[in-house]
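Have a look at the structure below before the remarks.
Number of protein chains: 2
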Amino acid sequence: MGRTMTDALAPGARVTVQGWVHRRRTLAGVTFVVLRDRTGLAQVVVKDPATIREVAGYGEETVVSVTGTVLANPVAPGGVEVVDPRFETLTDPAETPPVQLWRPTPQAGLPTLLDHAPVALRHPRLAASWRLAAASMHGFRSALSAAGFTEVQTPKLVEMSTESGANVFTVDYFGRPAYLAQSPQLYKQVLVGVFERVFEVGPVFRAEQHDTLRHVAEYVSLDAEVGFVRDHRDVIAVLREALAGMVAAVRERAASAVGLLDVRLPVVPEEIPVVHFRDALRIAGAPPDEPDLAPEHERALSAWALAELGSELLAVEGYPMRKRPFYTHPQTVPEPDPQWSNSFDVLFRGLELTTGGQRLHRYADYRAALAASGQDEAAYAGYLEAFRHGMPPHGGFAIGLERWVARLTGASNIREVTLFPRDLHRLSP
Amino acid sequence: MGRTMTDALAPGARVTVQGWVHRRRTLAGVTFVVLRDRTGLAQVVVKDPATIREVAGYGEETVVSVTGTVLANPVAPGGVEVVDPRFETLTDPAETPPVQLWRPTPQAGLPTLLDHAPVALRHPRLAASWRLAAASMHGFRSALSAAGFTEVQTPKLVEMSTESGANVFTVDYFGRPAYLAQSPQLYKQVLVGVFERVFEVGPVFRAEQHDTLRHVAEYVSLDAEVGFVRDHRDVIAVLREALAGMVAAVRERAASAVGLLDVRLPVVPEEIPVVHFRDALRIAGAPPDEPDLAPEHERALSAWALAELGSELLAVEGYPMRKRPFYTHPQTVPEPDPQWSNSFDVLFRGLELTTGGQRLHRYADYRAALAASGQDEAAYAGYLEAFRHGMPPHGGFAIGLERWVARLTGASNIREVTLFPRDLHRLSP
Chain L
2 MGRTMTDALA
12 PGARVTVQGW
22 VHRRRTLAGV
32 TFVVLRDRTG
42 LAQVVVKDPA
52 TIREVAGYGE
62 ETVVSVTGTV
72 LANPVAPGGV
82 EVVDPRFETL
92 TDPAETPPVQ
102 LWRPTPQAGL
112 PTLLDHAPVA
122 LRHPRLAASW
132 RLAAASMHGF
142 RSALSAAGFT
152 EVQTPKLVEM
162 STESGANVFT
172 VDYFGRPAYL
182 AQSPQLYKQV
192 LVGVFERVFE
202 VGPVFRAEQH
212 DTLRHVAEYV
222 SLDAEVGFVR
232 DHRDVIAVLR
242 EALAGMVAAV
252 RERAASAVGL
262 LDVRLPVVPE
272 EIPVVHFRDA
282 LRIAGAPPDE
292 PDLAPEHERA
302 LSAWALAELG
312 SELLAVEGYP
322 MRKRPFYTHP
332 QTVPEPDPQW
342 SNSFDVLFRG
352 LELTTGGQRL
362 HRYADYRAAL
372 AASGQDEAAY
382 AGYLEAFRHG
392 MPPHGGFAIG
402 LERWVARLTG
412 ASNIREVTLF
422 PRDLHRLSP
Chain B
2 MGRTMTDALA
12 PGARVTVQGW
22 VHRRRTLAGV
32 TFVVLRDRTG
42 LAQVVVKDPA
52 TIREVAGYGE
62 ETVVSVTGTV
72 LANPVAPGGV
82 EVVDPRFETL
92 TDPAETPPVQ
102 LWRPTPQAGL
112 PTLLDHAPVA
122 LRHPRLAASW
132 RLAAASMHGF
142 RSALSAAGFT
152 EVQTPKLVEM
162 STESGANVFT
172 VDYFGRPAYL
182 AQSPQLYKQV
192 LVGVFERVFE
202 VGPVFRAEQH
212 DTLRHVAEYV
222 SLDAEVGFVR
232 DHRDVIAVLR
242 EALAGMVAAV
252 RERAASAVGL
262 LDVRLPVVPE
272 EIPVVHFRDA
282 LRIAGAPPDE
292 PDLAPEHERA
302 LSAWALAELG
312 SELLAVEGYP
322 MRKRPFYTHP
332 QTVPEPDPQW
342 SNSFDVLFRG
352 LELTTGGQRL
362 HRYADYRAAL
372 AASGQDEAAY
382 AGYLEAFRHG
392 MPPHGGFAIG
402 LERWVARLTG
412 ASNIREVTLF
422 PRDLHRLSP
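Chain order of the listed sequences is L and B.
Residues in the first sequence are numbered from 2 upward in steps of one, following this note's numbering.
Residues in the second sequence are numbered from 2 upward in steps of one, following this note's numbering.
What follows is the structure, encoded as structure tokens:
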């Protein structure tokens, strides 16, 4: 089970390779079979009439084992081909797939690709998208592990919704209601009290009532939280390390996917440039009393950052407190001002990639914040216990994995880069 | 935010360290403050009367920043102590924790530790247990990545239960029922069709109706699935690599946790020894018509493997088909026999650690297996589509992360090594 197409094919050698019949082309007296395995494609040249007849019965996606001689051929994919082949099928001949996997780009529309994801994902371009995601997860973890972070896994079944009652899925938990965690926010903060620096890579759940291109009901969140920060700018510095690690890992571990999808990887600057929300509104040409950035403002800001600062990443700090969750720390830098916050969004190529910030850390501040937002302290008992017993100044951020990959590939719909998306209308496959 | 206790304390230097007041001891004219951060403990010696008075107000778990001079002291923890300290509090003085975190072993019972997990987990022994888990995840991933596996993240919200209707949580999914995945089984198989070799580390959900020491309602599953196997013994070989990687990572990345908890790491043999289920019954002294191994049989087999084979790991192959799920491949080795299966359990220190095996891979076999088990093909449409369009012989396994850690630490209750356990009675904190 070990030999692969890209590392095994030394000219002259007699080899056995295993894979899927990706494509068959029948000419006069010769059939070309392109085999696919996890590492790429290899061309098999069939000239023996009996074998040609045999191969005629192998529909695309039939799984075969091929033994043959490797021959150099500069015009073949990979520069080599396999001649004098002997075929053995490892399963029954496959039925013709619902999507033509051998075409350079899938010809089917997105609904068809999603309906048939179990097979459509075999298309090299679709598989390549996920390889970017897999490499990104690796890079996120290694950058943060190198910085002393501990990986955690927090419960997805929770007694209350994380931040509000909206968009939350309800579970029948042994006869009483439980909820699916919308984020590991409260747990990752609590765990800063244990490990100082934590990260988590795992599913989060949002009962999004509207169909949009940017939202699905379940996605993978790359979460980090770090203690002993001075303010949110220390958090942005950690985010910078995570993003640099992700880009480096994609470059190193998913090079062929980057090539196939023609991904232009961003340069992560030594320091992500920061503008204040107030200035961001002005730059984007928005009215000065807007409480948030609209999509067109995010696009304008990204264009500005690229043109003026030469950066594809831009942090906007100081979002108005009234638009941020109760655990948000009020602004201390650039100057103390309680109407603004020590929180930020990071924009990447015209869209919000990350939300993060410094959190409150004093018990008294939490009690006041919950009271001010009209919430019941009892519902937050476990969370508050951490603060009652000493929590350092801390902050963190979350990156949506699929949203990040969509930015890399230029996919306009997040579903294009999600393995088996879930939304208002889709719960399978 | 970067300096830590164990790497910063060079004798003679003036340093600032940040952490929690772990323990205070007041003698005549001197107060010892033991500080704790993510890397360990450091002793601060307070002799200045004003500072002694100040420190008297810092309850345990108060978060402080201490600037002082490092002095060699062979009897202090770490061989150094900090003298002439100046303290700064980073938060309000903490209330006394519900569990005395400074005691070498927590004196509280398990229910108290779980009720107060947000603070109790700060106890160095409890935090150390999770460090074993974090290192194990790292080792699992790196061993499999090195073997060409791709990491995947599959949906936890599914349209049907994975294997049976039992023990499954129901979710209100936009007004219709959905279920929480009991395992990534069906998805990881489908993804073998895409990536050949896949692994996933993520939560799985079991609505366990009974309180047992070995089961919780949500745990972390380390899943792998590999294509182009000859039979289940190739899968056992992959499992061997994963376990070896986990042990190596625990040794390298969680050395201080291993020391603190006095963990004896297993030697993973070059090849995990295999016995057939039939022989296992005989060795365990069980009746030859038993359909499964009881806990006492597992203990007897582990004792036998250690005594006779010098191995703490033992694979039992050939479990009766009637006790295994519908996708199980019938036995082909040691000899073809349809009453037995190409599936296995691996026992570790007297308990089942892993279940795995070869799966069916032919479309016709799946149709027959579903019909034989009285299940509706329509419910498995997406899954079956993968097999209709060519799937290689494949197999895989799953390791329960917390169960693995419990075996390492000797914890009798899985809850002792789960960050925030969920069960029939417990949904918080």
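Beta carbons: idealized from backbone N, C-alpha and C, even for Gly.
Quantities reported herein were computed from a predicted structural model and do not represent experimental measurements.
Answer yes or no: do residue i and residue j have a C-beta to C-beta separation smaller than 7 Å?
| i | j | result |
| --- | --- | --- |
| T68 (chain B) | R87 (chain B) | yes |
| S342 (chain L) | P331 (chain L) | yes |
| A136 (chain L) | R254 (chain L) | yes |
| V251 (chain L) | L354 (chain L) | no |
| L181 (chain B) | F206 (chain B) | yes |
| L42 (chain L) | S66 (chain L) | no |
| M392 (chain L) | G149 (chain L) | no |
| Q44 (chain B) | V35 (chain B) | yes |
| W435 (chain B) | V84 (chain B) | Within the shown structure, residues of chain B are numbered from 2 to 430, placing residue 435 (chain B) beyond reach of any answer. |
| E152 (chain L) | F200 (chain L) | yes |
| P430 (chain B) | A118 (chain B) | yes |
| A144 (chain B) | L428 (chain L) | no |
Distance, Cα to Cα, residue i vs residue j?
| i | j | result |
| --- | --- | --- |
| M2 (chain L) | R283 (chain B) | For M2 (chain L), the pLDDT reaches just 46, beneath the cut-off of 50, and the residue's location in the model is therefore unreliable, leaving the point undetermined. |
| H395 (chain B) | R300 (chain B) | 30 Å |
| G228 (chain L) | D377 (chain L) | 26 Å |
| L361 (chain L) | R39 (chain B) | 21 Å |
| R24 (chain B) | R241 (chain L) | 36 Å |
| D424 (chain L) | Y174 (chain L) | 22 Å |
| A249 (chain L) | K48 (chain L) | 45 Å |
| T17 (chain B) | V81 (chain B) | 14 Å |
| T329 (chain B) | L420 (chain L) | 25 Å |
| E271 (chain L) | L307 (chain L) | 15 Å |
| A369 (chain B) | P339 (chain B) | 14 Å |
| L261 (chain L) | R126 (chain L) | 7 Å |
| A412 (chain L) | T27 (chain L) | 35 Å |
| D212 (chain B) | R416 (chain B) | 11 Å |
Under 8 Å Cβ to Cβ from residue i, same chain only, skipping five residues before and after it: list those, please.
| i | result |
| --- | --- |
| E55 (chain L) | F88 |
| P204 (chain L) | K157, E219, Y220, V221, S222 |
| A14 (chain B) | T70, V71 |
| P337 (chain B) | P331 |
Pick helix, strand or coil for residue i, following the three-state DSSP scheme.
| i | result |
| --- | --- |
| S66 (chain L) | strand |
| R26 (chain L) | strand |
| S344 (chain L) | strand |
| A285 (chain L) | helix |
| S440 (chain B) | With chain B covering 2 to 430 only, the question about residue 440 (chain B) has no answer from this structure. |
| E318 (chain L) | strand |
| I400 (chain L) | strand |
| A412 (chain L) | coil |
| Q190 (chain B) | helix |
| L244 (chain B) | helix |
| T113 (chain B) | helix |
| G228 (chain B) | strand |
| L310 (chain B) | helix |
| T52 (chain L) | helix |
Leaving out five residues on either side along the sequence, give the residues of the same chain with a beta carbon under 6 Å from the beta carbon of residue i.
| i | result |
| --- | --- |
| V202 (chain L) | M138, L223 |
| T97 (chain L) | G60 |
| D346 (chain B) | V317, E353, T356 |
| I273 (chain B) | I237, R241, L314, A316 |
| L310 (chain L) | P274 |
| A1 (chain L) | Nothing in the structure corresponds to residue 1 (chain L), since chain L is present only between 2 and 430. |
| A285 (chain B) | H298, A301, L302 |
For this session: Compile a chain-ordered list of the residues in the region 68–93 of chain L whose CB is closer than 9 Å to at least one CB of chain B.
Result: Cβ proximity to chain B below 9 Å picks out L91, T92, D93 from the region 68–93 of chain L.
For this session: Give, in chain order, every residue of the region 359–377 of chain L whose Cβ lies closer than 9 Å to some Cβ of chain B.
Result: Listed by position along the chain: H362, R363, Y364, A365.
Exercise. What residues in the region 149–164 of chain B have a beta carbon less than 7 Å from any beta carbon of chain L?
Worked result: Hits within the stretch, in order: G149, T151, E152, V153, Q154, T155, P156, K157, L158, E160.
Exercise. Along the region 51–69 of chain L, what residues have a CB closer than 7 Å to any CB found in chain B?
Worked result: Against chain B - using a Cβ distance shorter than 7 Å - the residues of the region 51–69 of chain L are E62, T63, V64.
For this session: May I ask you to list, following chain order, the residues of the region 386–413 of chain B that have a beta carbon less than 7 Å from some beta carbon of chain L?
Result: Along the region 386–413 of chain B, the positions whose C-beta sits under 7 Å from a C-beta of chain L are E386, A387, R389, H390, G391, M392, P393, P394, read in chain order.
For this session: Name, going along the chain, the residues of the region 211–237 of chain B whose beta-carbon falls closer than 8 Å to a beta-carbon of chain L.
Result: From the region 211–237 of chain B, only A218, E219, V221, V227, G228, F229, V230, R231, D235 have a Cβ closer than 8 Å to chain L.
Exercise. If you measure beta-carbon to beta-carbon, which residues of the region 9–25 of chain B are closer than 7 Å to chain L?
Worked result: Cβ contacts with chain L: Q19, W21.
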